[in-house]
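In our numbering, the protein residues as written are 69 to 550.
Just so it is clear, CB atoms sit at the ideal spot from N, CA and C, and this is done for glycine as well.
Only a predicted model underlies this, so the values are computations on that prediction, with no experimental measurement involved.
Below, the structure is given as structure tokens:
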């Protein structure tokens, strides 16, 4: 294990976080929130001091950099940026409890959007911006940001990109990993700026437009209003946010194909067809099921479309208390929570590609049982799916439901109802935000004990990193010298 390289890289990542904290500090200066100057400055100085020690006092060792180093860098980076990212909340005493502040920060960086805050509107603008900005950074991945913009990054950094990127597989758009990372962030930034512009055109205040766009882009869902997007009571804003929630849950490679004039590849993308099919089917079910609770079809379609977009993209915004919807609609949303969006997007969940491959594998096994001598080939996106990919998908699904069951049992020590516990773990593992029952759109996670909040924070990190990097971090084999 190349520990020198690991801690040297961690130092660079913490230095990046110190730079990122300058933006919420600037927001605090603009809005003259003097009480936040000290918390942000102290947090930045602490990060600069620790990162400098790691960078300058631990000499980088370039002798080896393999998958195990990549997984370790990714796992430790997300834990450390969350630990130091919660400092402004604690020092400012706006969230004085460590477990609450850590939960809120992890929820931000992992783009979960679950909160322990009962009165969000009482929080200062600098910290509200930091919450939403952490969504934006965490959506694409802070390590992708580092790969894109820091000089002298190891060309073997594909191991880092694989460990941090969502989905069953990841590849380079172009020959150089640094250029790939820059292309991804360029697309990401353009779509974010476009959404900000469209929201401002719709008369949403500039600050609100920025933080809501950052939260949408990262599919995080931190709102600055107690009633989330419903507080604006604007059909125009809901439509814009709905469209962009759908877009940010699509594989970013497809946007690149549009950029280089290969837009026809969108129509050939099987995962996209699955994604759109699930969306249309879910909207149809919920619209018809909730029709009796609304005044007309248009109103039912308005709210069902927004919530389907919000849940399948794992953003977690809300315009209505879907906790009061009929059971069919509520559990349709739960299924969407499990599903998530496309691989290579900023969303959480199992991912459409895994669902598609798993479904085809099951059908293939049924055909083999009926016709034992028939040779069947599983194909996805027009290509044969290799056995190692099928094995990886199966392993992910097994690990996913194992964590879901164990997690539900662990937080049951708080003696809350089963629906709250079950959907809390689903929400955190899939990085969604709200759940059902006590943690619905009008509730929050403050009802859990400090132990459960910390445990759910680890669940959020596990879900954001696609399970295995966190499991590997706690594997004894990783720490053995050989």
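{"Item": "What residues match up with residue 452 in a beta bridge as DSSP calls it?", "Value": "447"}
{"Item": "For residue 497 and residue 530, which I take to be in contact (beta-carbon distance under 8 Å), what is that distance rounded to the nearest angstrom?", "Value": "7 Å"}
{"Item": "Taking only runs of the alpha helix (DSSP H) that begin and end inside the segment 328-353, which ones reach a length of at least 4 residues, in chain order?", "Value": "333-336"}
{"Item": "Given a cut-off of 8 Å on the beta-carbon distance, is the pair residue 380 and residue 355 in contact?", "Value": "no"}
{"Item": "Please name the residue in 179, 364 and 88 whose C-alpha comes closest to that of residue 415.", "Value": "179"}
{"Item": "Hey, does residue 527 have any beta-carbon neighbour from chain D nearer than 8 Å?", "Value": "No chain D appears in this structure, which consists of one protein chain only."}
{"Item": "What separation, rounded to the nearest whole angstrom, lies between the Cα atoms of residue 223 and residue 75?", "Value": "For residue 223, the predicted structure reports a pLDDT of 45, less than 50, and the residue's modelled location is therefore unreliable. A value from the coordinates is still provided. Approximately 18 Å, taken between the alpha carbons."}
{"Item": "Where does the unbroken alpha helix (DSSP H) through residue 69 begin, and where does it stop?", "Value": "Element bounds for residue 69: n/a, residue is neither H nor E."}
{"Item": "Indicate the three-state DSSP secondary structure (helix, strand or coil) for residue 103 in the structure shown.", "Value": "helix"}
{"Item": "How long is the line joining the alpha carbons of residue 550 and residue 136, rounded to whole angstroms?", "Value": "Residue confidence for residue 550 is low, a pLDDT of 48 falling below 50, so the modelled location carries little weight and cannot support an answer."}
{"Item": "Hey, how far is the Cα of residue 174 from the Cα of residue 307?", "Value": "29 Å"}
{"Item": "Is it true that the CB of residue 289 sits closer than 8 Å to the CB of residue 170?", "Value": "no"}
{"Item": "Would you kindly work out how many angstroms separate the C-alpha atoms of residue 115 and residue 437, rounded to a whole number?", "Value": "59 Å"}
{"Item": "Can you look up residue 173 in the DSSP assignment and give me helix, strand or coil?", "Value": "helix"}
{"Item": "For residue 363, count neighbouring C-beta atoms within 10 Å of its own C-beta (all shown protein chains included) and say buried if the count is 16 or more, exposed if not.", "Value": "exposed"}
{"Item": "Which ranges does the alpha helix (DSSP H) cover as unbroken runs of at least 4 residues, wholly within the segment 248-311, from first to last along the chain?", "Value": "274-285"}
{"Item": "What's the gap between the Cα of residue 455 and the Cα of residue 85?", "Value": "39 Å"}
{"Item": "For a quick check, are the C-beta atoms of residue 376 and residue 344 less than 8 Å apart?", "Value": "no"}
{"Item": "Between the alpha carbons of residue 78 and residue 93, how many angstroms are there, rounded?", "Value": "23 Å"}
{"Item": "Is residue 476 helix, strand or coil by DSSP?", "Value": "helix"}
{"Item": "Considering only the beta carbon of each residue, do residue 156 and residue 111 sit closer than 8 Å?", "Value": "yes"}
{"Item": "Can residue 257 and residue 312 be called in contact, C-beta distance under 8 Å?", "Value": "no"}
{"Item": "Just tell me which of 370, 158 and 282 has its CA closest to the CA of residue 208.", "Value": "282"}
{"Item": "Should residue 113 go down as buried or exposed, given a rule of 16 or more other Cβ atoms within 10 Å for buried?", "Value": "exposed"}
{"Item": "Mind checking residue 486: buried by the 16 CB within 10 Å criterion, or exposed?", "Value": "exposed"}
{"Item": "Are the segment 185-196 and the segment 382-396 touching, with three or more C-beta to C-beta distances below 8 Å?", "Value": "no"}
{"Item": "May I ask which residues mark the beginning and end of the alpha helix (DSSP H) holding residue 206?", "Value": "193-208"}
{"Item": "Count the other C-beta atoms from every protein chain shown that fall within 10 angstroms of the C-beta of residue 336, then say buried if there are 16 or more, exposed otherwise.", "Value": "exposed"}
{"Item": "Apart from the five residues just before and just after residue 458, which ones in its own chain have a Cβ nearer than 7 Å to its Cβ?", "Value": "425, 429 and 446"}
{"Item": "In three-state terms, what does DSSP make of residue 96?", "Value": "helix"}
{"Item": "Here's the rule I'm using: 16 or more other beta-carbon atoms within 10 Å means buried, otherwise exposed. How should residue 71 be labelled?", "Value": "exposed"}
{"Item": "Taking the alpha-carbon positions, what's the residue 451 to residue 292 distance?", "Value": "44 Å"}
{"Item": "Assuming residue 471 contacts residue 540 (C-beta within less than 8 Å), just tell me the rounded distance between them.", "Value": "Going by Cβ atoms, the distance from residue 471 to residue 540 rounds to 14 Å, so no, they are not a contact pair."}
{"Item": "Since residue 496 is in the alpha helix (DSSP H), which residue starts that stretch and which ends it?", "Value": "486-497"}
{"Item": "Any idea what DSSP makes of residue 527, helix, strand or coil?", "Value": "helix"}
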